[in-house]
Ligand SMILES: Cc1cc2nc3c(=O)[nH]c(=O)nc-3n(C[C@H](O)[C@H](O)[C@H](O)COP(=O)(O)O)c2cc1C
Ligand code: SF4
Ligand code: FES
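Protein chains in written order, with the numbering used here: chain A, 585 to 983; chain B, 6 to 162.
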């Protein structure tokens with residue numbers, strides 16, 4: 585493995601001092617309700633993008649009555665511009681795996697599954713060895729730390745499909761099917777892997793848990809903003825001097841990101857990956873947080889030399905390719921939006937038609953079956969609106 | 006495919022089923038291993054997997070066709086993937102793609118005549134901070150340039 589990772593900035597929350605195994609030992613002496621209270625106090629929300637409260641997800645899964653339960657670590661990390669889970673898995677696997685053990689104990693699961701994207705299969709051997717080491721230290725396997733809890737973790741590989749990061753598609757894939765999202769409800773917390781209650785959590789969400797156990801929910805809650813507690817890992821790429829992964833408190837502004845990463849002449853920042861929104865300089869004072877610009881952490885910086893229509897086209901090509909094709913708004917809609925971009929590119933468009941396409945985008949946002957089709961119009965709408973001068977000016981428009 | 010080739014595959018699939026089990030959940034791991042060893046999942050292997058796991062062969066093929074990294078057509082012994090997403094484009098991935106294409110004498114989605122390399126584009130593989138990066142089989146090579154990729158290619162077996 586030749587990737588030198590090194591997180592560019594480790595903050596005081598996710599990466600506060602941690603002694604391997606300490607949170608697991610502590611948690612195995614706690615009552616489940618107390619763990620859930622601690623997580624609830626922390627205010628921890630899902631880091632995979634949707635921001636669902638972790639305590640609620642775990643509480644429902646814990647309350648479900650079933651012979652078996654599962655905790656799944658979503659390591660599909662397919663959103664363009666996101667790579668923080670890669671860095672966590674390679675540099676802090678103990679936090680991720682111990683987070684899974686704690687989740688398993690809390691919800692009553694004996695098995696944890698890591699769904700690792702195929703593109704990350706170069707990590708497999710390292711992670712397998714790490715798990716083996718944990719088994720030797722009795723942090724996994726039977727009767728963990730002599731406290732009577734059995735739990736083990738297995739890694740399963742994906743096979744190159746962005747949509748498999750969507751939790752129900754992920755479960756379909758684990759079950760040996762095409763990774764097509766399911767209708768919800770039922771939700772995985774009730775009917776998940778093989779029909780059993782399953783909590784699916786992002787790598788970073790799980791990695792946040794051990795420190796919350798050790799230091800308490802209240803400690804965690806002190807960081808960030810009131811509605812966005814703790815810190816967040818941001819994957820920063822594009823036109824900046826120091827691309828990489830940064831742990832920053834929620835509430836950090838885009839201007840601060842620009843300064844920290846040494847970006848110059850910044851014209852646009854795409855927040856949240858291809859499925860996120862694109863903001864112009866006038867909006868760089870906005871805060872990264874669930875209440876303002878919510879994101880799984882992908883930050884792509886574009887300087888003044890970049891062509892925003894080209895950027896948009898690249899995103900739409902991505903969605904056309906990655907749509908699973910199961911539902912019409914997404915299957916047809918993304919193709920139409922891409923065609924619209926190509927029409928603008930060739931100067932063969934009318935403003936009325938582009939407005940209609942934005943309307944189509946808004947329909948996709950509500951009518952698509954899963955988050956892919958619900959969010960793929962975001963860059964189309966935000967780039968065409970926020971960069972309309974650049975894109976439409978100085979071009980003759982057909983009427 | 007002659008009988009001996011079929012037998013080799015049958016035996017291999019047998020060991021996979023022993024390792025992963027006969028449940029439906031074993032399907033992807035089994036297909037992934039066949040893919041790794043034989044570079045694609047031929048029709049005979051699909052049928053053998055279908056028979057042992059008790060799944061309809063059409064269903065097996067439909068699963069293969071869903072996933073970008075599973076193939077039912079012959080391919081090279083190595084796969085070189087270049088990221089085609091915007092961050093890598095802006096860090097020179099298109100020039101790298103061109104250099105690879107010229108050196109190998111093939112276009113994208115094509116395989117060299119000697120069966121050594123299949124060239125492909127892929128979507129973002131999470132190396133945007135070390136862009137441009139390429140995937141050679143399952144290994145990442147970060148911050149490559151036109152010269153370094155050509156060396157990588159020459160080292161392939
Ligand atoms: C198209 C699509 C792709 C997704 N990809 C990922 C992913 O790669 N990793 C992830 O953690 N969540 C991804 N999600 C979100 C998951 O569905 C789910 O919300 C998440 O894994 C829950 O974990 P969390 O609550 O800890 O964030 C994706 C969602 C959609 C719609
Ligand atoms: S929205 Fe797109 S990806 Fe999601 S189910 Fe529909 S077609 Fe598939
Ligand atoms: S954009 Fe190429 S690796 Fe992410």
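Using N, Cα and C, we set each Cβ at its ideal position, and we do this for glycine too.
Residues of its chain near residue i, where Cβ-Cβ distance is below 7 Å and the 5 sequence neighbours each way are ignored
i             : result
residue 585/A : Any answer about residue 585/A is weak, because its pLDDT of 43 lies below 50 and its placement is not dependable; what the coordinates show is given next. Answer for residue 585/A: 706 and 710, listed in chain order.
residue 888/A : 849 and 851
residue 737/A : 681, 684, 696, 698, 715 and 724
residue 974/A : 892
residue 748/A : 660, 742, 754, 757 and 763
residue 781/A : 645, 648, 650, 653, 773 and 774
residue 642/A : 620, 623, 687, 690, 691 and 783
Closer than 7 Å: residue i CB and nearest ligand 1 heavy atom
i             : result
residue 54/B  : no
residue 640/A : no
residue 774/A : no
residue 918/A : no
residue 789/A : yes
residue 71/B  : no
Contact test: residue i Cβ vs ligand 2 heavy atom, cutoff 7 Å
i             : result
residue 954/A : yes
residue 747/A : yes
residue 949/A : no
residue 765/A : yes
residue 729/A : no
residue 633/A : no
residue 909/A : yes
C-beta contact flag for residue i and residue j at 8 Å
i              : j             : result
residue 611/A  : residue 787/A : no
residue 65/B   : residue 51/B  : yes
residue 1033/A : residue 743/A : There is simply no residue 1033/A to check, as chain A begins at 585 and stops at 983 in what is shown.
residue 777/A  : residue 597/A : no
residue 882/A  : residue 665/A : yes
residue 628/A  : residue 814/A : yes
residue 645/A  : residue 783/A : yes
residue 61/B   : residue 14/B  : no
residue 817/A  : residue 840/A : no
residue 812/A  : residue 907/A : no
Amino acids of chain A, ordered along the chain, whose beta-carbon sits closer than 7 Å to that of residue i
i             : result
residue 32/B  : 760
residue 130/B : 703
residue 8/B   : Result: empty, since nearest Cβ-Cβ is about 29 Å, beyond 7 Å.
Contacts of residue i in chain A (Cβ-Cβ under 8 Å)
i             : result
residue 77/B  : Ordered by position in chain A, no residue passes the 8 Å Cβ test against residue 77/B, which lies about 13 Å from the chain.
residue 106/B : Within 8 Å Cβ-Cβ: nothing; residue 106/B doesn't reach chain A, min ~19 Å.
Cβ neighbours of residue i in the same chain (closer than 6 Å, five flanking residues each side left out)
i             : result
residue 639/A : 620, 623 and 624
residue 123/B : 80, 81, 84 and 116
residue 966/A : 861 and 862
residue 148/B : 135
residue 633/A : 880
residue 927/A : 933
residue 734/A : 694 and 726
Near ligand 3: residue i beta-carbon under 7 Å from a heavy atom
i             : result
residue 90/B  : yes
residue 113/B : no
residue 138/B : yes
residue 903/A : no
residue 961/A : no
residue 664/A : yes
residue 710/A : no
Within chain A, partners of residue i - CB distance below 9 Å
i            : result
residue 72/B : 702, 742, 743, 744, 745, 748, 757, 762 and 763
Check: residue i C-beta below 7 Å from any heavy atom of ligand 5
i             : result
residue 744/A : Of the ligands one can find in the structure shown, namely ligand 1, ligand 2 and ligand 3, none is ligand 5.
Beta-bridge partners of residue i, as assigned by DSSP
i             : result
residue 815/A : 833/A
residue 887/A : 850/A
residue 146/B : 139/B
residue 740/A : 699/A
residue 116/B : 123/B
Sequence-distant residues of its chain with Cβ nearer than 8 Å to residue i (five each side left out)
i             : result
residue 704/A : 659, 661, 670 and 673
residue 983/A : Caution applies to residue 983/A, whose pLDDT of 45 falls short of 50 and renders its modelled position unreliable; the model cannot decide the point.
residue 101/B : 87, 137, 139, 149, 150, 151 and 154
residue 78/B  : 45
residue 728/A : 608, 612, 685, 722, 734 and 735
8 Å Cβ cut-off: residues of chain B touching residue i
i             : result
residue 895/A : 91
residue 884/A : 91, 92 and 133
residue 828/A : 134
residue 906/A : 128
Chain-ordered chain B contacts of residue i [CB-CB under 7 Å]
i             : result
residue 666/A : 131
residue 768/A : Residues of chain B passing the Cβ test: none, with the nearest at roughly 20 Å.
residue 670/A : 131
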